[in-house]
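Structure first, then comments.
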Amino acid sequence: MSETAHGRSANTMIEISGVWKIFGNNADAALAAIKQEGLGKSEVLSKFNAVVGVADVSLDVNRGEIFCVMGLSGSGKSTLVRHFNRLLEPTAGKILIEGIDVMSLGHGDLQSFRNRKIGMVFQNFALLPHRSVLDNVAMPLEIRRVNKNDRLRQAAKILDIVELGAWGNKFAHELSGGMQQRVGLARALAADPDVLLMDEPFSALDPLIRRQLQDEFIRLSHILKKTTVFITHDLDEAVRVGHRIAIMRDGRVVQIGTAEEIVMHPADDYVAEFVAGISRLKVVRAHAVMRPIAEFEAGGGKITKATPRVNESEALSTLIHMAIDDDAPIVVEDGGNDVGVITRRDLLRTVIEGTEVS
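Okay, so the sequence shown: first residue is 5 according to the numbering used here, each after it adds one.
Structure representation (structure tokens):
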């Protein structure tokens with residue numbers, strides 16, 4: 005993978021460096037004191053009457069990636085995402101989107117940037133009640149002054165993609181909550197943005213509808229390949245939807261990684277407690293369980309052509325099913341080459357280590 009002159013991957017779409025957001029009239033003084041004296045959130049509130057919303061966050065999001073930011077209420081996740089398109093101005097830090105310094109944009113350029121580069125989907129559907137579904141979806145193109153026929157044609161195309169093509173002439177109150185949220189997603193997609201910002205888009209919906217929309221979003225992501233920052237407080241949703249996950253606490257990012265990396269190697273006790281309820285069967289793959297073939301053979305193990313083989317991305321649940329009736333080792337392959345081996349003992353250790361012990 006190629007690198008830019010600044011050492012960042014050429015595949016990086018979003019780069020956030022040292023972003024702080026402190027709410028209050030004394031934000032700059034509070035930030036200086038934090039850096040000089042190491043003040044905590046409660047001390048900042050007491051001394052400066054200021055609230056730390058985001059604390060020194062740095063992260064990269066790759067092109068076409070679904071990057072989930074998650075944490076409990078008050079962790080700073082929704083505050084952070086509003087900096088990507090400067091709905092909130094950071095107290096300090098740098099924000100680059102596809103190489104564009106968002107902080108350098110004047111008012112007019114920022115408005116154009118938001119309209120052309122970024123689509124946003126909120127928890128609140130925010131559909132205009134006096135407009136039809138089709139007109140709601142076409143609104144970003146209307147703002148861009150695309151002629152009526154072209155914008156309605158594009159809006160109808162997007163409605164077909166989200167499987168609401170027959171509902172274009174309806175009004176928001178005639179649609180279910182799940183359908184309204186799909187209209188909100190279609191509106192964000194209508195302008196063909198490079199980046200989608202999704203702030204807990206499905207959290208207000210019933211569990212069944214929520215899961216259906218997660219499926220729909222995953223399907224659309226495979227088709228459209230939009231770079232997406234997805235905010236959620238639900239770890240199951242993050243595991244299901246995201247390629248990588250950032251976990252936030254008290255305004256800070258405490259760990260970034262794939263679901264598998266976070267579950268297998270939590271950065272601290274907070275993350276370990278956070279992921280304790282996630283079944284490893286959902287996230288752990290063969291490559292995380294295997295050990296070197298040389299180590300296995302040095303212990304007296306033997307591998308033949310008849311030894312069962314799996315791809316390195318095979319799920320832990322499949323491996324366990326293979327080991328139920330047969331205690332033979334399982335060889336892990338990558339590109340047709342044997343790269344590791346898994347025994348029944350390895351599988352048991354992985355499952356036991358992932359079990360919460362009271």
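Built from N, CA and C at the ideal position, the CB exists for glycine as well.
Euclidean distance between Cα positions of residue i and residue j
i           : j           : result
residue 4   : residue 121 : Look at the range of the chain in this structure, 5 to 362, and you will see that residue 4 is not part of it.
residue 361 : residue 242 : With a pLDDT of only 36 at residue 361, under 50, the local geometry of the prediction cannot be trusted, and the value read off the model is given with reservation. When rounded, the distance between both Cα atoms is 24 Å.
residue 89  : residue 236 : 18 Å
residue 314 : residue 338 : 9 Å
residue 3   : residue 144 : No answer is possible for residue 3: it lies beyond the span of the chain, which begins at 5 and ends at 362.
residue 340 : residue 298 : 18 Å
residue 78  : residue 94  : 17 Å
residue 310 : residue 333 : 11 Å
residue 343 : residue 352 : 20 Å
residue 2   : residue 283 : The structure shown does not extend to residue 2, since the chain is modelled only from 5 to 362, so the question has no answer here.
residue 11  : residue 178 : Low per-residue confidence applies at residue 11: pLDDT is 47, beneath 50, and the placement is therefore not dependable, though the value from the model is reported in the following sentence. Rounded to whole angstroms, residue 11 to residue 178 spans 51 Å at the Cα level.
residue 41  : residue 326 : 56 Å
residue 256 : residue 82  : 12 Å
residue 220 : residue 166 : 8 Å
residue 30  : residue 49  : 10 Å
residue 67  : residue 190 : 20 Å
residue 222 : residue 46  : 40 Å
residue 273 : residue 292 : 21 Å
residue 251 : residue 152 : 43 Å
residue 17  : residue 182 : 30 Å
residue 198 : residue 134 : 29 Å
residue 103 : residue 139 : 33 Å
residue 318 : residue 155 : 44 Å
residue 157 : residue 141 : 11 Å
residue 32  : residue 175 : 46 Å
Within 7 Å, strictly: CB atoms of residue i and residue j
i           : j           : result
residue 346 : residue 294 : yes
residue 218 : residue 245 : yes
residue 147 : residue 99  : no
residue 232 : residue 70  : yes
residue 288 : residue 316 : no
residue 80  : residue 57  : yes
residue 123 : residue 192 : yes
residue 130 : residue 159 : no
residue 125 : residue 205 : yes
With 16 other Cβ atoms within 10 Å as the buried cut-off, status of residue i
i           : result
residue 203 : buried
residue 350 : buried
residue 14  : exposed
residue 270 : buried
residue 5   : A caution first: residue 5 carries a pLDDT of 40, below 50, which makes its placement in the model unreliable, though a value can still be read off. Counting Cβ neighbours within 10 Å, residue 5 comes out exposed, since fewer than 16 surround it.
residue 308 : exposed
residue 149 : exposed
residue 230 : buried
The ligand NAD heavy atom lying under 6 Å from the CB of residue i
i           : result
residue 342 : Of the ligands one can find in the structure shown there are none, so the ligand NAD has no counterpart to examine.
Contact with chain D by residue i, beta-carbon distance below 7 Å
i           : result
residue 309 : Among the chains in the structure shown there is no chain D, since it carries only a single protein chain.
Can at least three beta-carbon pairs, one atom from the region 75 to 91 and one from the region 259 to 272, be found at a separation below 8 Å? No, they do not touch.
Are there three or more Cβ pairs, one per stretch, closer than 8 Å when the region 226 to 236 is compared with the region 58 to 75? Yes, the region 226 to 236 touches the region 58 to 75.
Curious, which full-length beta strand (DSSP E) runs of at least 3 residues does the region 274 to 344 contain? Here the runs fully enclosed are 313 to 315 and 334 to 338.
Just list the alpha helix (DSSP H) runs in the region 57 to 116, keeping only unbroken ones of 4 residues or longer that don't cross its boundaries, in chain order. Segments of the alpha helix (DSSP H) lying fully in the region 57 to 116: 81 to 85.
Counting only runs of 4+ residues fully inside the region 170 to 238, write out the alpha helix (DSSP H) ranges in chain order. Here the runs fully enclosed are 181 to 194 and 211 to 228.
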